[in-house]
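Sequence lines, in order, name chains X and Z.
Counting in my numbering, the first sequence runs from 2 upward without gaps.
Counting in my numbering, the second sequence runs from 2 upward without gaps.
There are 2 protein chains.
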Amino acid sequence: MPKIVDKAKMRNDILDAAMCAFAEKGYHATSVSDVAVAAGLAKGTLYIYFDSKEAMTTAIVDRHFATLEDQIACGVTCSTLDAFLEDLHRTMDIPAEQASFHRVFFEVFGPSFASEAFTAHVARFFEGLGAHYAKQIAHLQELGEIAGHYHAASIGRMLASMMDGAVLHRGLFDISQRRHRRMIQETLAMLRAGLRSSPNRA
Amino acid sequence: MPKIVDKAKMRNDILDAAMCAFAEKGYHATSVSDVAVAAGLAKGTLYIYFDSKEAMTTAIVDRHFATLEDQIACGVTCSTLDAFLEDLHRTMDIPAEQASFHRVFFEVFGPSFASEAFTAHVARFFEGLGAHYAKQIAHLQELGEIAGHYHAASIGRMLASMMDGAVLHRGLFDISQRRHRRMIQETLAMLRAGLRSSPNRA
DNA sequence: AATTATTATGACCAGACAGTCATTAAAAGT
DNA sequence: ACTTTTAATGACTGTCTGGTCATAATAATT
Chain X
2 MPKIVDKAKM RNDILDAAMC AFAEKGYHAT SVSDVAVAAG LAKGTLYIYF
52 DSKEAMTTAI VDRHFATLED QIACGVTCST LDAFLEDLHR TMDIPAEQAS
102 FHRVFFEVFG PSFASEAFTA HVARFFEGLG AHYAKQIAHL QELGEIAGHY
152 HAASIGRMLA SMMDGAVLHR GLFDISQRRH RRMIQETLAM LRAGLRSSPN
202 RA
Chain Z
2 MPKIVDKAKM RNDILDAAMC AFAEKGYHAT SVSDVAVAAG LAKGTLYIYF
52 DSKEAMTTAI VDRHFATLED QIACGVTCST LDAFLEDLHR TMDIPAEQAS
102 FHRVFFEVFG PSFASEAFTA HVARFFEGLG AHYAKQIAHL QELGEIAGHY
152 HAASIGRMLA SMMDGAVLHR GLFDISQRRH RRMIQETLAM LRAGLRSSPN
202 RA
């Protein structure tokens, strides 16, 4: 009897349209009506699928980070320090096009950092990334590839912050591929030496 | 005859109050009236000193970067690796209140990353920071405090990115002071070992 | 075709907000 | 004390936006 709609698909389509609109006009300059137009729906309809504008935003980020989390989750556990560093290398040495996503991300979602919920989502992702690194580090410590005196959790989380910084700068500022590569290489060499080394008596 | 006021000081005081209010409630959630209350003035008074809410915001960032640039410029040259690391420590271990600037920064200026000019401005700052670090590193290499095989410019610039990442995460996400301190300590220990070490034959 | 549960609509509302301006207060000089 | 110029005020306004809801459309089933 009733009209039936694929709600999941609808939500997804709406998010796509919202993302488009946000990217075009800027987040705060985009009203819910604008999103509705972009989605080819009436404003009221949006509120059937999302409780609020903020809920849409959160959902977009959710979706994006879920994808990233999957990528992390299926990362293999490394058995040598060099393999781990190679992993970091791959994460940092992203293609320019993917790097530019971050620019759009800040452009579109910068204002969203006002929202606790939004910030919490992003925070959770980086906690996950940090935990992932920590696990790898702990494992390598057991194998004697990394000095045992380091606190894996702390180093792991900081590595996540630092990777974020590196990737961000790569995406936001015009650092040439060549220069970026050299920076990565030098830095990884430093990390390699640092992680291997026994405790310093200072 | 006329009532006379130190306009520069007044502007500064207003910016302080505005920054406080923005940090507490979030930029978009803070009305000009809120800023007025925070400043202990009437709304209309603010418009004597600033043309618009946006003008206040721009002024805040200008001031912030000017301060940072000064701090870098008059940074003393370190003569030991530990002193240099101590410097990094100070930069990273910023008080929570100052860290909150970054949240507001992204909230307000996220969209501005669309502008080439704006991005270039921020980029220039980080180039400066990177160059500053590079100089320190090169100097410490001459003193034998840091292994000579590292490319100072690359490490310096990457350090700037990474510091940014670390400070950003500290400001954006709720990382406790205690945890943050531990992360810093562990990381600096790692950097210390890494920077000291002779080239790895890999 | 009639029925009915579901989905879609967009005019409408309440309230919030940036910015204005006529008025009042303050203080520096006479 | 009086004048004069600058500074401060806050009620007011026009606009805009997130969110609601009574009503209309839709399609699956009988």
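Glycine is no exception: its CB is placed at the ideal position from the N, C-alpha and C atoms.
Values in this document were obtained by computation on a predicted structure and should not be read as measured data.
So which residues on chain Z does residue i lean against when the C-beta distance must stay under 9 Å?
| i | result |
| --- | --- |
| TYR151/X | GLU187, ALA190 and MET191 |
| MET20/X | Within 9 Å Cβ-Cβ: nothing; MET20/X doesn't reach chain Z, min ~15 Å. |
For chain Z, is any of its Cβ atoms less than 7 Å away from the one on residue i?
| i | result |
| --- | --- |
| ILE156/X | yes |
| PRO96/X | no |
| ALA124/X | yes |
| GLY45/X | no |
| ALA115/X | yes |
| MET184/X | yes |
| HIS181/X | no |
Could you give the distance in angstroms between the alpha-carbon of residue i and the alpha-carbon of residue j?
| i | j | result |
| --- | --- | --- |
| SER34/X | LYS54/X | 10 Å |
| ALA67/Z | LYS10/Z | 16 Å |
| ASP7/Z | ARG125/Z | 32 Å |
| SER198/Z | ILE73/X | 31 Å |
| ALA19/Z | ALA40/Z | 7 Å |
| HIS29/Z | ALA135/Z | 38 Å |
| ALA24/X | GLU108/X | 8 Å |
| PRO112/X | VAL105/Z | 8 Å |
| ASP175/Z | PRO96/X | 30 Å |
| GLN137/Z | GLY195/Z | 16 Å |
Might you give, ordered along the chain, the residues of its own chain that have their beta carbon closer than 7 Å to the beta carbon of residue i, omitting 5 neighbours on each side?
| i | result |
| --- | --- |
| THR59/X | ALA118, PHE119 and HIS122 |
| ARG182/Z | ASP94 |
| HIS140/X | THR78 |
| ASP14/Z | ALA40 |
| ARG180/X | none |
| GLU146/X | THR81 and LEU82 |
Given that residue i touches chain X, what residues does it touch there, using C-beta distances under 8 Å?
| i | result |
| --- | --- |
| TYR134/Z | The contacting residues do not exist; TYR134/Z stays about 12 Å from chain X at best. |
Span of the alpha helix (DSSP H) holding residue i?
| i | result |
| --- | --- |
| PHE119/Z | 117 to 143 |
| GLU146/Z | Looking at the DSSP string, GLU146/Z is not in any alpha helix (DSSP H), and its letter there is neither H nor E. |
| SER53/Z | Here SER53/Z belongs to no alpha helix (DSSP H), and DSSP marks it neither H nor E. |
| LYS8/Z | 8 to 26 |
| SER155/Z | 153 to 173 |
| ALA100/Z | 97 to 110 |
| ILE185/X | 178 to 197 |
| ALA84/Z | 82 to 93 |
Using a Cβ cut-off of 7 Å (strictly closer), state whether residue i contacts chain X.
| i | result |
| --- | --- |
| ALA39/Z | no |
| ARG235/Z | Here chain Z comprises residues numbered 2 to 203, so residue 235/Z is not present and cannot be evaluated. |
| ARG12/Z | no |
| SER198/Z | yes |
| PHE85/Z | no |
| PHE174/Z | yes |
| VAL90/Z | It should be pointed out that residue 90/Z corresponds to His in this sequence rather than to Val. No, its Cβ sits nowhere closer than 7 Å to a Cβ of chain X. |
Taking residue i as the query, report the chain Z residues whose CB atoms sit under 7 Å from its CB, ordered along the chain.
| i | result |
| --- | --- |
| GLY195/X | MET191, LEU192, ALA194 and GLY195 |
Could you name the residues of chain X that residue i contacts, counting a contact when the two beta carbons are closer than 7 Å?
| i | result |
| --- | --- |
| HIS140/Z | Near HIS140/Z there are no residues of chain X at all, since even the closest Cβ is about 17 Å away, more than 7 Å. |
Among residues of its own chain, excluding the 5 on either side of residue i, which ones have a beta-carbon nearer than 6 Å to its beta-carbon?
| i | result |
| --- | --- |
| ALA203/Z | Residue confidence is low: ALA203/Z scores 41 on pLDDT, short of 50, so the model does not pin down where it sits. Its coordinate-derived value is still stated next. Cβ neighbours of ALA203/Z beyond the five flanking positions: none. |
Give the interface partners of residue i over in chain Z, defined as CB-CB distance under 8 Å, in chain order.
| i | result |
| --- | --- |
| THR78/X | Ordered by position in chain Z, no residue passes the 8 Å Cβ test against THR78/X, which lies about 21 Å from the chain. |
Looking only at its own chain, which residues have a Cβ that is under 8 Å from the Cβ of residue i, when we skip the five neighbours before and after it?
| i | result |
| --- | --- |
| GLN142/X | ALA148, GLY149, TYR151 and ALA153 |
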